[in-house]
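Chains as they are written, first to last, in the numbering used here: chain L, 11 to 108; chain C, 11 to 108; chain V, 11 to 108; chain X, 11 to 108. Beta carbons: idealized from backbone N, C-alpha and C, even for Gly.
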Ligand SMILES: [K+]
Ligand SMILES: [K+]
């Protein structure tokens, strides 16, 4: 239970980091307002992706590529951590205690 | 089987709640028609996300951020419930009955 | 192996049905060309969702809601079939043959 | 560990191939700049899918359909390889060594 909690904490910290990096980036690089930058980050990292709030400059596109690839790795880590827990942690316990 | 059914019921109720909250929200906050609000909710929570039906006000964006993050948690719960069932429920049964 | 093949066949048939229903629907309901209708179906069911090829009428939106919810169930079935195979089929074999 | 590494390597090579094919395709077929073509490929294969950088010709749509379906198979392969490893590789080791 403690292992799950500590890994979930790590994932939550990573997700907040992505939101922070994305929001700061869109405010600094694209000159978006806080709400626009947070909105843009949330629709990007969750892959909802409606449309760009305003047309992207090449710099905005490069930042967005970086943000998408980063968040794909974070989500990948989150999923693999979770699977690892399910298979090696919990299952192992079942075998140990029967 | 009963455990699976009751958990699937919970997931279905949660999904309907998300559709209800989304549709009501877009009708009340953004002044969308029923079809537009349902369409907007479905393309948001499934992450299809074509484009906003009409340009979003900051209030619309904040509601959409809330809706996306809520539905991500619902989907997360659905997936983890399902995985938990697969690993701890069914597998356990296989070991018990062989 | 035969079980996997027959389940994969079922999934492939379901995916082709979704592509066929989507393409026919967008040709008949929205008056899209074949390429536009196939493109619209592919970006919808894979949740890429760039933008509507031309603005949607309410009928188009209702058909799209139906298409998205159908393909979500198909994908859900595909994933659960696959997981079921992995857990109950293959694993079971490992235990039987060791 | 070696098996995981070699399979992860294969997946990484496949992902780079998809990025290379997508970027080349959008540069040659749609006449996009390198940044636009890479941006278009990344938002397509990750299913973020904001909007087309410029309106698509029928050729662009056919190439995009091909790119999406290819990357769906790659992602499918990546997920099934990973699941296979988790279930048949790692789990098997746990049973062998207890
Ligand atoms: K999308
Ligand atoms: K979009």
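If you draw a straight line from the C-alpha of residue 20 of chain V to the C-alpha of residue 27 of chain V, how long is it?
Counting from one through the third chain, the residue named residue 20 of chain V turns up at place 10. Counting from one through the third chain, the residue named residue 27 of chain V turns up at place 17. Distance between the alpha carbons of residue 20 of chain V and residue 27 of chain V: 11 Å.
Quick one: what's got a C-beta closer than 6 Å to residue 55 of chain V's C-beta in the same chain, skipping five residues either side?
Taking the first residue of the third chain as 1, we reach residue 55 of chain V at position 45. Cβ within range, chain order: 28, 81.
Taking 7 Å as the cut-off, does the CB of residue 66 of chain V come closer than this to any heavy atom belonging to ligand 2?
Working through the third chain from its first residue, we reach residue 66 of chain V at position 56. Taking non-hydrogen atoms of ligand 2 into account, the C-beta of residue 66 of chain V is found less than 7 Å away from none of them.
Please list the residues of the stretch 58-73 of chain C that have a C-beta atom closer than 8 Å to any C-beta atom in chain X, keeping them in chain order.
59, 61
So, residue 71 of chain L versus residue 49 of chain X, is the Cβ gap smaller than 8 Å?
Along the first chain, one-based indexing puts residue 71 of chain L at 61. Along the fourth chain, one-based indexing puts residue 49 of chain X at 39. Yes. Within cutoff.
Write down the C-beta distance between residue 3 of chain C and residue 65 of chain V rounded to the nearest angstrom, noting that I regard them as a contact closer than 8 Å.
Examination of residue 3 of chain C is not possible in this model, given that chain C is present from 11 through 108 alone.
Please state the DSSP three-state secondary structure of residue 108 of chain V.
Working through the third chain from its first residue, we reach residue 108 of chain V at position 98. For residue 108 of chain V, the predicted structure reports a pLDDT of 49, less than 50, and the residue's modelled location is therefore unreliable. A value from the coordinates is still provided. Three-state DSSP puts residue 108 of chain V in coil, outside helix and strand.
Going by the C-beta, is residue 61 of chain X closer than 7 Å to any heavy atom of ligand 2?
What you label residue 61 of chain X is simply residue 51 of the fourth chain in a count that begins at 1. Flag set: Cβ of residue 61 of chain X near ligand 2.
Please find out if some non-hydrogen atom of ligand 1 comes closer than 7 Å to the beta-carbon of residue 58 of chain V.
In the third chain, counting from the first residue as 1, residue 58 of chain V sits at position 48. Yes, the Cβ of residue 58 of chain V comes within 7 Å of a heavy atom of ligand 1.
Using a Cβ-Cβ cut-off of 6 Å (strictly less than) and excluding sequence neighbours within five positions of residue 35 of chain L, which residues of its own chain qualify?
Taking the first residue of the first chain as position 1, residue 35 of chain L is located at position 25. If we look at residue 35 of chain L and ignore the five residues flanking it on each side, its Cβ neighbours are 73.
Residue 101 of chain C by DSSP, collapsed to three states: which one?
Working through the second chain from its first residue, we reach residue 101 of chain C at position 91. Low confidence applies here, because residue 101 of chain C scores a pLDDT of 49, under 50, leaving its location unreliable; read the following figure in that light. The answer is helix: DSSP assigns residue 101 of chain C an H, G or I state.
Under the three-state reduction of DSSP, which class applies to residue 40 of chain L: helix, strand or coil?
Translated into positions along the first chain, residue 40 of chain L becomes position 30. Three-state DSSP puts residue 40 of chain L in coil, outside helix and strand.
Is there a Cβ of chain L sitting closer than 8 Å to that of residue 114 of chain X, yes or no?
Only positions 11 to 108 of chain X appear in this structure, which leaves residue 114 of chain X out of reach.
Any chance you could list the alpha helix (DSSP H) runs of at least 4 consecutive residues sitting entirely within the stretch 24-74 of chain L, in chain order?
44-55
Check the Cβ of residue 78 of chain V against every Cβ in chain C and list those closer than 9 Å, keeping chain order.
Here residue 78 of chain V refers to the residue found at position 68 of the third chain. Within chain C, the residues near residue 78 of chain V are 52, 53, 56, 58.
Is residue 58 of chain V near residue 32 of chain X, with beta carbons less than 8 Å apart?
Position 48 of the third chain, counting from 1, holds the residue named residue 58 of chain V. Position 22 of the fourth chain, counting from 1, holds the residue named residue 32 of chain X. Not in contact: residue 58 of chain V and residue 32 of chain X (Cβ atoms no closer than 8 Å).
Taking all protein chains shown into account, do 16 or more other C-beta atoms lie within 10 angstroms of the C-beta of residue 23 of chain X, making it buried, or fewer, making it exposed?
Taking the first residue of the fourth chain as 1, we reach residue 23 of chain X at position 13. Residue 23 of chain X should be labelled exposed.
Give me the Cα-Cα distance between residue 83 of chain L and residue 62 of chain V, rounded to the nearest whole angstrom.
Reading the first chain from its first residue, position 73 is the one you call residue 83 of chain L. Reading the third chain from its first residue, position 52 is the one you call residue 62 of chain V. Approximately 29 Å, taken between the alpha carbons.
Using a Cβ cut-off of 8 Å (strictly closer), state whether residue 49 of chain V contacts chain X.
Within the third chain, the letter at position 39 stands for residue 49 of chain V. By this cut-off, residue 49 of chain V is an interface position.
Determine the contact status of residue 52 of chain C and residue 53 of chain V, defining contact as a CB-CB distance below 8 Å.
Position 42 of the second chain holds residue 52 of chain C. Position 43 of the third chain holds residue 53 of chain V. The Cβ atoms of residue 52 of chain C and residue 53 of chain V lie no closer than 8 Å to each other.
Considering only the alpha carbon of each residue, which of V:47, V:16, V:37 lies closest to residue 75 of chain X?
If you number the fourth chain from 1, residue 75 of chain X lands on position 65. That would be V:47, whose Cα lies nearest to the Cα of residue 75 of chain X.
Suppose the cutoff is 7 Å on Cβ atoms and the five residues either side in sequence are ignored; what does the same chain contact list for residue 39 of chain C look like?
What you label residue 39 of chain C is simply residue 29 of the second chain in a count that begins at 1. Once the five neighbours on either side are set aside, the close Cβ partners of residue 39 of chain C are 69, 70, 73.
According to the neighbour-count rule (16 or more other Cβ atoms, all chains shown, within 10 Å of its Cβ), is residue 30 of chain X buried or exposed?
Within the fourth chain, numbered from 1, the residue matching residue 30 of chain X stands at position 20. Answer is exposed; the Cβ neighbour count stays below 16.
Using a cut-off of 7 Å between C-beta atoms, extract the partners of residue 45 of chain X located in chain L.
Taking the fourth chain and counting its residues from 1, the one referred to as residue 45 of chain X is at position 35. Per Cβ cutoff of 7 Å: 68, 71, 72.
Residues of chain C with a CB under 7 Å from the CB of residue 75 of chain V: which are they?
On the third chain, position 65 is the one that residue 75 of chain V refers to. Those are 48, 49, 52, listed as they occur along chain C.
Can you give me the C-alpha to C-alpha distance between residue 18 of chain X and residue 37 of chain V, rounded to a whole angstrom?
Here residue 18 of chain X corresponds to residue number 8 of the fourth chain, with the count starting at 1. Here residue 37 of chain V corresponds to residue number 27 of the third chain, with the count starting at 1. Cα to Cα, residue 18 of chain X sits roughly 41 Å from residue 37 of chain V.
Output needed for residue 16 of chain C: all residues of its chain with C-beta closer than 8 Å, excluding positions within five of it in sequence on either side, in chain order.
Position 6 of the second chain, counted from the start, is the residue given in the question as residue 16 of chain C. Around residue 16 of chain C: no qualifying Cβ.
Rounded to whole angstroms, what's the CA-CA distance from residue 25 of chain C to residue 25 of chain X? Just pull it up for me.
Walking along the second chain from the start, residue 25 of chain C turns up at place 15. Walking along the fourth chain from the start, residue 25 of chain X turns up at place 15. Cα to Cα, the separation comes out at about 33 Å.
Report yes or no: is there a C-beta of chain L within less than 8 Å of the C-beta of residue 82 of chain C?
On the second chain, position 72 is the one that residue 82 of chain C refers to. True, the Cβ-Cβ gap to chain L drops below 8 Å.
Say whether chain X places a C-beta atom closer than 8 Å to the C-beta of residue 28 of chain L.
Within the first chain, numbered from 1, the residue matching residue 28 of chain L stands at position 18. It does not; no Cβ of chain X falls within 8 Å.
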